[in-house]
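Have a look at the structure below, then the notes.
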């Protein structure tokens, strides 16, 4: 007779769904080796067949990395390496999703253990959910004490917008040029990187865009750049008040990434956030720190990017690295904003903060702490940055216009001329392709001119990895000719 936990009682008797649990006991509890016929068939597919099926069943709006050369068929990963279906090992310099190392055994074990128990929705209480909320808020300023768990950075930023508009009663948002905050309707509206590109819907009337605080090729580059850039936020606040003079004036929120990745690795200059926050708060708005790309110690010097400028946001959004590849994101806010949001309309998220995701998040935070990964990011990042700056001083590195960033969030901007700053877009694309095809190094390209190689690897990235990366960049810069760029250029999607 089957055990009572396998029985689903209904008004008509016992459901036959208990059979699946019997199968679980028979196959999974013993060797974890039960494989369905579909899975066996999937493993037989070649890269060519997978690519053909991808193109057949998916929308062309969903891009494929390295489609212009040899797309990566990622079948497994470990640490800072990803493996193609043919077994080729690639050094991963670009995926901040595998934050503490791909398939980190501690994180993997935590997920497996909890998945073997239960993965219920968030209305049921669970010890992991509350423990993770506690651990997360302990890394934040004291006033950031209320947590929402969600599934992605886009979802976190979408919720942050709802919190801001509900709390302030206003709709106007101040956003930074080249910013990207997600793929939902609301987050696309606050993402100039998307709404100003082909297919974008353009800037909505309640969106107010300010210049990106880029001190290399932006409007301001001197010692007062932070104050000058922040003054644009003040002007935006003043303009909103003027436009809404017939109603209660003021902005809902100022939305800014602590480290702009698609913007080309832009970290706001010291004093920028501090001055912006003052202007926005004076206007009745709240300040949202988007930590989706750079949170959890990637900068090395600090755990959260906003800490670099000594500010305290009203809302912090967290995503990509939180679950080390398992879908997990969060919004952290204040008591006041939380109370405003509890207005009678329930917020429910089926999978947000499910027990398995929370097990992953707890393990990630434990590994960062016990593995001293924040310190490691600082040490290796500084070493890599020094090597890249040294390369930029050589004749072979004369197309390197700027090396910037902190910890293991670095950007290499390539230019054809260091005086005019003409973007070396074609060189950057060809270099990215050659690093993959000739040296098994995965990189990514970002920035408004597609001329910045962005380095944001798993935090276990080593000094030897850094040496190898710089060595191969130097080799290719020495090898690539003008003829190569003219004859071989196709845009490398990364």
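In our numbering, the protein residues as written are 909 to 1402. Built from N, CA and C at the ideal position, the CB exists for glycine as well.
Between which residues of its own chain and residue i is the CB-CB distance below 8 Å, once the five residues before and five after are set aside?
i            : result
residue 1401 : 971, 972, 973, 974, 975, 976
residue 1358 : 1331, 1333, 1336, 1337, 1399
residue 1048 : 1212, 1224, 1240
residue 909  : Its pLDDT being 34, under 50, residue 909 is placed unreliably in this model, and the value from its coordinates should be taken loosely. The answer is none, since no qualifying residue turns up.
residue 1360 : 1172, 1173, 1319, 1320, 1321, 1322, 1336, 1353, 1354
residue 1382 : 1299, 1302, 1304, 1305
For the alpha helix (DSSP H) holding residue i, just list the boundary residues, first then last.
i            : result
residue 1124 : Taken as a continuous stretch (DSSP letters only), residue 1124 belongs to no alpha helix (DSSP H), as it is neither H nor E.
residue 1133 : 1133-1151
residue 1259 : Taken as a continuous stretch (DSSP letters only), residue 1259 belongs to no alpha helix (DSSP H), as it is neither H nor E.
residue 1103 : 1100-1103
residue 1246 : 1243-1249
residue 1372 : 1371-1387
residue 1188 : 1180-1190
residue 1054 : Per DSSP, residue 1054 belongs to no alpha helix (DSSP H); it is in the beta strand (DSSP E), 1054-1058.
residue 1014 : 1013-1023
residue 1284 : 1281-1300
residue 1035 : 1035-1046
Considering only the alpha carbon of each residue, which of the options lies closest to residue i?
i            : options                : result
residue 1074 : 1253, 1335, 1388       : 1253
residue 1226 : 1256, 1209, 1063, 1143 : 1063
residue 1216 : 1146, 1353, 1165       : 1165
residue 1059 : 1188, 1385, 1237       : 1237
residue 1202 : 1175, 1057, 1221       : 1175
residue 1307 : 1290, 1385, 958        : 1385
residue 1257 : 1282, 954, 1030        : 1030
residue 1104 : 1114, 1088, 1302       : 1088
residue 1355 : 1141, 1173, 1129, 982  : 1173
residue 1246 : 951, 1068, 1347        : 1068
residue 1079 : 1388, 1235, 1112       : 1112
residue 1210 : 1277, 961, 1327        : 1277
residue 1117 : 1133, 1159, 1107       : 1159
residue 1086 : 1010, 1168, 1024       : 1168
residue 1206 : 1363, 1057, 1108, 1109 : 1363
residue 1312 : 1282, 1395, 1267, 1177 : 1177
Kindly list the residues whose CB is nearer than 7 Å to the CB of residue i, restricted to its own chain and excluding five residues on each side of it in sequence; keep chain order.
i            : result
residue 1329 : 1125, 1309, 1323
residue 1012 : 1232, 1275
residue 1187 : 1138, 1141, 1142, 1145
residue 1228 : 1004, 1005, 1061, 1200, 1201
residue 1340 : 1351, 1353, 1361, 1400, 1402
From what residue to what residue does the beta strand (DSSP E) around residue i run?
i            : result
residue 1061 : No beta strand (DSSP E) holds residue 1061; the alpha helix (DSSP H) holding it covers 1061-1076.
residue 985  : 982-986
residue 1319 : 1317-1322
residue 1340 : First-last for residue 1340: 1333-1347, but that is the alpha helix (DSSP H), not the beta strand (DSSP E).
Can you name, in chain order, every residue of its own chain whose Cβ lies under 6 Å from the Cβ of residue i, other than the five neighbours on each side?
i            : result
residue 1161 : 1072, 1081, 1193, 1194, 1196
residue 1219 : 1181, 1182, 1185
residue 1170 : 1088, 1101, 1354
residue 1014 : 1271, 1275
residue 1092 : 1062, 1066
residue 1273 : 1043
residue 1291 : 1371, 1374
Kindly examine the ligand SAH and report whether one of its heavy atoms sits closer than 8 Å to the Cβ of residue i.
i           : result
residue 977 : As presented, the structure is devoid of all ligands, the ligand SAH included, so that no description of it is given.
Strictly under 9 Å for the Cβ-Cβ distance: is residue i near chain C by that measure?
i            : result
residue 1354 : The question asks about chain C, but that chain is absent: this structure has only one protein chain.
Original post:
Is it true that the segment 987-1004 meets the segment 1367-1375, where meeting means three or more beta-carbon pairs spaced less than 8 Å apart?
Top reply: yes
**OP:** Evaluate contact between the segment 1081-1101 and the segment 1258-1275, counting only Cβ atoms and requiring at least three cross-stretch pairs below 8 Å.
**Re:** no
**OP:** Indicate whether the contact test is met: 3 or more Cβ pairs, each with one atom in the segment 1112-1123 and one in the segment 1018-1035, closer than 8 Å.
**Re:** no
Subject >> Cβ pair count under 8 Å reaching 3, the segment 959-969 against the segment 988-1000 >> reply: no
**OP:** Please confirm if the segment 1371-1380 is in contact with the segment 1290-1299, defined as three or more CB-CB distances below 8 Å between the two stretches.
**Re:** yes
Original post:
Can you give, in chain order, each stretch of the alpha helix (DSSP H) that sits fully within the segment 1158-1242 and has at least 4 residues?
Top reply: 1180-1190
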